[in-house]
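Written as structure tokens, this is what we have:
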């Protein structure tokens, strides 16, 4: 029996975009849909932050900025995503701000529960700490994923101030738990100085390849796309996008900005090149609205989230 | 048969205040309550603005700022408002930004419909134009109201650029339509120069008394409270609060700021003095978030809205 | 008989740039020049805006930002524009903010009147609605123009909320009125998702070609220049530049930003490639200063306006 | 023969306030009036600043903020100032930013010249250094003035870094030159710590009385008004208002803010109490727009300037 | 043998205030003084924050704002504090951002160590969590203190999300540990709604008296001063000042602003009334610079810290 | 005898980066090191500014932003700079803000003195005026330098308002004094209109070559690197970097922004290409924090300063 068509967002021709529900893209809430291909999950948690905090306000800011988006048809993907798949907003995880381990457990439990109802989870951070429980949860669903991580930083350090779970360490933890396929994973957008000379070597031992910003500058978007596609292949793909992969000119509203980054045009160019990959889960993290202006950072995050919804919609084709 | 107790907002001890639903005070949506004593209604409309626009983003900003509020118990009113009355968020009216008359009709229709389900409406503007349809609608429910209007400006001019409905004219229109009792109505907080020498006289002809800012300065909060109480008496009361009644130091985020205004402490002091009056409907208008800083204006508006909920909860006592 | 040489702006070596008249580039007012090759016209109107309003403050902000400019000699054009042609500031059109049709009529009348005195009009918006009356007026002077439109968005939708004239619809109206030559017109900088799958097809029916941002990214500035020059040829050219063609990193201060845009270097690169085209009129629109930071958006708009003055000065060569 | 009635500002019912000329209150330029009772003079100079610079942008910001003002009728003065006296905008003095002495000479020369055409000068700063040449100039016209100086600081220090003319020293220089009547002059609003124990004693030797902020707090506006009126008597009065007399909550946009200041309501209350005094010249200084927010500081300065215009208009009664 | 006179801050007549050391008031570092009456201690810790984080950047911002201060002579105290007592900047405590208990232990250890060298500690927060270890440490030095706590909030809740040490709970913990004299302690500036009806009762059980904002509004500064003096008597006094005791107009840069607060003039008025009390330690907390503008919040905090240094200097008299 | 290894900055694993000393990169103060290869020198002076002032606050802002940097290992240079060379913070020069000539003499004297103790000076401006005394001083140490100047503007104008020393004229003065080798010097990043047609010719006469922004756009980073290397050769190199060489999107916080600039990625790319050149001194100037947002400009300046430290560290290899 055919599924009913998806319930679409509130239409901008009926309700002005600055009005109506405060869900992502003014989509229905999870409870309002009979099935759900992609659930948007807010994770307002920033206790893993090492410098400028405030990503706890990221989910609300990204949802508010998503009001800007026109979402009916995306010409680069040739898709009408919200007619193709059912996307719904699952609200926020309630995380303990005073206990990182407990927060991680809460996120994992929330994701586990949500995967009972949703085909994929697109998480809005929050700081990068949240990638660990999200990877744990998706592993229970699809097994080991190919992890493609966009970030200025490796995020594979061991501990900060004795804490194993922080926004600088998630992928070390993920590697230890074998949450990603070390033949199919990579960092993209890495740049800047490092904490020690052997950061890169240690990172490589964890199974990561790196597309440094310099490589993007030298060889361009298509080259990076090819490198990612070659590495990921048919593996189920997890995309983790730290907004600080963008240059501070494009994303000032983040906790640990690093100059000499990539442009939003390059980033969406790369994402659009990933059509057909088997994207199974994703996150956009580290939006700290107190440092944003004119919503440019949260608009970037919202647009990136929407691009990834299109990738999932394309997957169905 | 006893009513079920009200459904309360999401608790700040279970879900951090920066997480959870984006409704006013994280209250339930209207559809989630079996009955509703007070409905919060967003009216994102600012096409009646004469200077700095942007109040269309007021409702979302006030809701976001309302996350700051601790709402369990209000000592000045000795009330637990959300345990006493059922308050729910009714979402936004969809108003045509390009046609003021149509928008007014949409607001009136939405309010009429909402009064079928809700005992009172607390509206979040939007610019002051919206007072006209809201007054029309409450008149159908309770008859003529006592109108107490907090504002730096009279808002009783006739037309601007030929337009009868703008944010500078609502109470002239309301007077023409006899929507308020001209023996029980007044402006509070008026100050600044005027468009013409006979503004005050014309205003008085419409039935308004005026508490000028100077009078507050000279005689204090209790005096103003007494003047309002004496004038309003037992009439059903409509409170219309333009956030620019506050000094720009307290409310920079508004379209037509006027210096030498009242403080937020004076304003909540006056409101707290109105306990026991028969408040039947209210609005808070003219919050323009693009001009706000650190949410201080939207926090003021959210707090004022909450104070008025307490006034309604007290009414029940 | 030889014309007298142009009256130049106030010199920055006599009066510091932050002092002196508040005209565009501190040029003389229209009433102070015996003739006028280019009139700068402010059009503070934003009632056609669909999302973030505030472009009504655009003209003043652009004029203020134009104080930054050094204008004596432009090496890329090899011209001393204000010695070559007489440019003057014609002030603002008074537009009714509450009645779009009336405002359009006021703009058209003001432009018609101004063309009695000025060889060309360079308009500072205001939202994009204003292109319709400006195109009508220039059509009366030179006949049908080649329209080259820089924008993130097509602006050829039909109506919003029943309104035929808004900032999303000017070029549909212009097409219906045959205000531009459909063999010589194009959009440049288009990007992002669309309102419907057939937006592009409908747009093409109106006679537009499109240079998508991706094409610029792939083929570069010179390619885009060539496409424009080939298409425009010798037709009288109208340049309409929505500041949101720039990436939000370069132009945060606008109403409907769209990430992944063009840089200011690309934009001036394209404009400089248009030397020799027969530029007859132009506008720069959608600067919303409340969302700007450090004047970067209004400085971009002011610089772009100055570049176009150089294009007109080159035309004379 | 009767004078022609004054040329009034552009009307807000014909041209929206955000449009039209960028003069103070959209008044006519000096060259456009047959006579001039009060000339508004911008003095964009801040090289005398000791901490946060930027008051060079003060005049433009105050003029822009003056668009907010409704100016037809001022009920507290019972006057229609722009119908009563001819006020015009005389533009800016061109001051050398690199040579304080030369700038002072330029200001004095400009004021001298302007007094040939104008009955009074209301200057918009600029930093407080500019008071010296303005006092020199008015002394040539009316002789010694009573100086009433609103400020957080005494501004009677001797030199800074060897410089005799800075924004901390104008009234020492003025005293040395006997530019004010030392039986009729005073500081109002002084507060905060001092550079040395004998600052107050030295200041008193110059002939100043002081109304400290504490005195205002303890005794109120009417008391301060009486003290000023008693001291000034019938002397020609020069009012010099440093915007930092206001609390930083009311005037963040200034170079040397000092907490615990006076409110804008108190300040306009004091000014309104000075009706009938023989105000002959005035300045409003130290508005540094880069530190302002939502124009609240420049709006305060513009309103204060307008209040003083009313004082002059009252003088005529 | 007489002590050498104190080493004073860098002089503003030799080094401009925006230059020179980044210590509080440009004082010497602790290591540079032979003895120390008051040590300034930065405590950049905000992991106890429940809403807007960022007070970790408070110490640096307060130090930077302290450059504004003129500190030679304070007329209200009739003191030259930095000539009277030796004040020095002891730098920051390194606190673990990921482990509240460890951070508290680090703060306590640092304070203990510092009391070996310094007569008093004036701490710059950081969030209010830091009061617990600071109270523990001062108790070891002088025994139980009288605690006078300026705040919008009681900060005597029990736990948040299971965490005993947060910025909402320090004085409950302090009461349990008997760190303050429950006959001599009070809250000042409390206002706003509460988490539950019995918050006040529970708070009173801990030994606190409350001066509510309403009492200040009704009875004035001198009354509040008297209440504090009567309650504190000769006990060693700890002043803990949450910057949110100020109204958001005066202190927007904080994590949990509450409207209707006290003005900076009232606060310094109260402090100045406390001359002669035996102030032994103090803190100023909850400055979150990301939400500040034009430094007004950090300037308020710096000024308050300086006022308290004067109180200690007076104590010596 | 082997030197002791350098004293490194405070470690980010011991003291969180937002805590600890306010020196550049939390390096030791000059007085704390036994020898010094590179001294960081703040020069808070902006009296040479022609448009937006405020660079006097540059040094503190750059130091604060340098807390962001991870500095242990720089992979592009393959260096651990702070283990390789001793870098220390020498504090600020006290400059007279009211007397440009005196300030220049103070800077020269301070630099001369500092070269007694330090191998190289990396100066943090301040406006570009400061390059003159810095060039004078380094000339005394190493003789004539190759000057490579990154800037949007030539800064070789003659005088402004009669002043020979301003931020627009340093390299004219330097040429007159033969402070740089006119066979080895160049400007990089020049763009925008000019003050006169012969600016470029006059500039060339002084011995400068120019890499215009267009050349970078057309030929790329490696081409520019080659041009610089070819021109500089083995000469001792002085790098002078005006932050406005960056596009305003990357560096809004500056006094004379010019659109169409270079990206931070291009700039660090060029710098990294200069490894092995004999860098002997450098400055980063024109950071005006009042116009910055989210520290992006000061972070760019701090990063650039750190890149240049790496260049010096490489020199030693």
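Chains as they are written, first to last, in the working numbering: chain W, 156 to 472; chain Y, 156 to 472; chain V, 156 to 472; chain L, 156 to 472; chain U, 156 to 472; chain E, 156 to 472.
All C-beta atoms in this analysis are idealised placements derived from N, C-alpha and C, irrespective of residue type, glycine included.
Alpha-carbon spacing of residue i relative to residue j, whole angstroms
{"i": "residue 402 (chain V)", "j": "residue 202 (chain L)", "result": "37 Å"}
{"i": "residue 376 (chain V)", "j": "residue 337 (chain V)", "result": "23 Å"}
{"i": "residue 266 (chain E)", "j": "residue 255 (chain E)", "result": "16 Å"}
{"i": "residue 299 (chain L)", "j": "residue 276 (chain L)", "result": "16 Å"}
{"i": "residue 460 (chain U)", "j": "residue 289 (chain U)", "result": "16 Å"}
{"i": "residue 231 (chain W)", "j": "residue 466 (chain W)", "result": "10 Å"}
{"i": "residue 156 (chain Y)", "j": "residue 241 (chain Y)", "result": "Because residue 156 (chain Y) carries a pLDDT of 47, less than 50, the predicted location of this residue cannot be relied on, and the following value inherits that uncertainty. Cα-Cα distance, rounded: 17 Å."}
{"i": "residue 179 (chain U)", "j": "residue 167 (chain Y)", "result": "37 Å"}
{"i": "residue 215 (chain U)", "j": "residue 345 (chain V)", "result": "45 Å"}
Range covered by the alpha helix (DSSP H) that runs through residue i
{"i": "residue 419 (chain W)", "result": "419–427"}
One or two residues paired with residue i in a DSSP bridge
{"i": "residue 364 (chain U)", "result": "U:341"}
{"i": "residue 349 (chain W)", "result": "E:228"}
{"i": "residue 234 (chain W)", "result": "W:229"}
{"i": "residue 335 (chain W)", "result": "W:300"}
{"i": "residue 193 (chain Y)", "result": "Y:242, Y:275"}
Under 9 Å from the C-beta of residue i: neighbouring residues of chain V
{"i": "residue 427 (chain L)", "result": "Residues of chain V passing the Cβ test: none, with the nearest at roughly 30 Å."}
Limits of the beta strand (DSSP E) - the one that residue i falls within
{"i": "residue 274 (chain U)", "result": "273–280"}
{"i": "residue 395 (chain U)", "result": "392–397"}
{"i": "residue 301 (chain E)", "result": "301–305"}
Within chain U, partners of residue i - CB distance below 7 Å
{"i": "residue 206 (chain L)", "result": "172, 173, 223"}
Proximal residues of chain V, C-beta to C-beta of residue i below 8 Å
{"i": "residue 227 (chain W)", "result": "348, 349, 350, 351, 352"}
Residue i: contacting residues in chain U (beta-carbon distance under 8 Å)
{"i": "residue 199 (chain E)", "result": "171, 173, 174"}
{"i": "residue 412 (chain L)", "result": "223, 449, 450, 451, 454"}
{"i": "residue 247 (chain E)", "result": "170, 174, 175"}
Residues that residue i contacts on chain E, provided the C-beta gap is smaller than 7 Å
{"i": "residue 460 (chain U)", "result": "Per Cβ cutoff of 7 Å: no residues; residue 460 (chain U) is ~17 Å from chain E at best."}
Buried or exposed by the 16-neighbour rule on C-beta atoms within 10 Å, applied to residue i
{"i": "residue 473 (chain V)", "result": "Because chain V here runs from 156 to 472, residue 473 (chain V) falls outside it and cannot be looked at."}
{"i": "residue 374 (chain W)", "result": "exposed"}
Under 8 Å from the C-beta of residue i: neighbouring residues of chain E
{"i": "residue 230 (chain V)", "result": "348, 349, 355"}
Chain C contact residues for residue i, given Cβ-Cβ distances below 8 Å
{"i": "residue 368 (chain V)", "result": "No chain C appears in this structure, whose protein chains are W, Y, V, L, U and E."}
Contact set between residue i and chain W, taken where Cβ atoms lie within less than 9 Å
{"i": "residue 215 (chain Y)", "result": "173, 174, 177, 219, 222"}
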